[in-house]
Amino acid sequence: MRKIRSVICTVLAIALVAVMAYSGYRILLIQADYKREADMHSGVMDYKPDPVSNETVNQGVIDLQAKYPDAVGWLTVPNTNIDYPFVQGKDNDYYLRRDLNGDHAVAGTIFIDYRCEKDFTSQNTIIYGHHMKNGSMFGTLKAFNDKDFFEVNRHGTIYLPYETLTLEFFAYLIIDPATEKEIYNPALSDTFFDYIKQNARHYRDVDLMDGDRIVTLSTCAYEFENARMALLARAA
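Under numbering that gives the first Met the number 0, the residue at position 217 of the sequence shown is numbered 216, and the numbers go up by one with no gaps.
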């Protein structure tokens, strides 16, 4: 009986050590992924356009595109960690797990929907980013779930090579992409604005009109299976 107990204790001890070793290994991998993303981000910050410049030409974006052909522009949302270049791939899968160099990266790269126009002339330009637990990429987009934060933080900026767009945020939603037909469509339906107003968790009236360009920032949410959060803005 003692031998059996001894064997059981030994097996349990070995299993515990194995679990701890695997957990430690996973933590190291996650930390390495975070470091790679941080290093990549730090390496491209020199390309960020000067936010106080009145220049019509954003040279940093032009230089960024020269080095990374898929680069489109730069997105900044104050009081969040969202301060990144963004790209457009041949589909909506390529940059999910690739960095600007095209190398494997868990954090991926922020990208616009391949169906949208790079100059943001689409009726609705959709920009995707991962909801990273360390707050990188679109990890801090969830801050807009707080009503007070939503009310105070009303603007963001998109820098394109020859244009700077001011984003005026007007709606925050939690949605199910499997059933949602309005948000993830570059062409706005006749019921788009009514749908947003009726379904938004937070909404402000910014006198939207036909012809306004909409920009939708989207990432994962965890309120239910496959949930997504979307922050909508008018671009001008």
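For each residue, glycine too, the CB sits at the ideal point set by N, CA and C.
Bridge partner(s) assigned by DSSP for residue i
i    : result
T163 : Y158
H130 : M136
N63  : According to the sequence displayed, residue 63 carries Leu and not Asn. DSSP, once it has assigned bridges, lists no residue as partnering L63.
H103 : R97
R233 : E167 and I213
N123 : I213
A70  : V86
H201 : Y171
T218 : M228
T75  : D82 and T156
Whole-number beta carbon distance between residue j and residue i, since they are thought to touch under 8 Å
i    : j    : result
T218 : R227 : 7 Å
D112 : P50  : So it is not a contact: roughly 26 Å between Cβ atoms.
F119 : R233 : So it is not a contact: roughly 11 Å between Cβ atoms.
V56  : Y161 : 6 Å
Sub-8 Å separation of residue i and residue j beta-carbons
i    : j    : result
F94  : V86  : Sequence inspection shows Tyr at residue 94; the Phe mentioned does not correspond to that position. Cβ atoms of Y94 and V86: closer than 8 Å.
L230 : N198 : no
N123 : L164 : no
L74  : Y46  : no
P48  : G59  : yes
H154 : F168 : yes
Y194 : E181 : yes
Proximal residues to residue i (C-beta, below 6 Å), its chain only, five neighbours per side dropped
i    : result
F143 : F149, Y171 and L230
D242 : The structure shown does not extend to residue 242, since the chain is modelled only from 0 through 235, so no value can be given for it.
Y33  : N133
L207 : F192
H130 : F137, G138, T218 and C219
V43  : P84
G128 : I109, M136, F137 and T218
T178 : none
N152 : N78
Selected residue, minimal CA-CA separation from residue i, among the options
i    : options                   : result
K132 : N80, M39, Y202 and R212   : N80
L166 : E116, H201, A177 and T156 : T156
G138 : Y158, G59 and N78         : N78
H40  : N100, Y221, R153 and H154 : N100
R114 : G107, D90, F169 and V71   : D90
I126 : R200, T108, D38 and Y194  : T108
R200 : E179, D102, K146 and F192 : K146
D175 : K66, K141 and N225        : N225
Y249 : D209, P84 and T190        : Outside the modelled stretch of the chain, which goes from 0 to 235, sits residue 249, for which no answer is possible.
T190 : A177, D209 and N152       : D209
Y221 : L140, Y183, D204 and N152 : L140
V205 : M44, R97, A235 and D98    : A235
S121 : V151, Y183 and A177       : Y183
Residue i Cβ short of 7 Å to the ligand PLP heavy atom set
i    : result
Q122 : Among the components of this structure there are no ligands whatsoever, and the ligand PLP is therefore not found.
Cβ shell of residue i (< 7 Å), same chain only, five flanking positions each side left out
i    : result
F223 : none
R35  : A104
I61  : P160
D98  : M39, A104 and T108
M19  : Reliability fails at M19, whose pLDDT of 48 lies under 50, so the model's placement of it is uncertain and the value that follows must be treated cautiously. Correct list: empty, nothing qualifies.
R96  : H103, A104, V105 and G107
Y24  : At Y24 the pLDDT is 37, less than 50, meaning the model places this residue with poor confidence; the figure from the coordinates comes in the next sentence. Once the five neighbours on either side are set aside, Y24 has no close Cβ partner at all.
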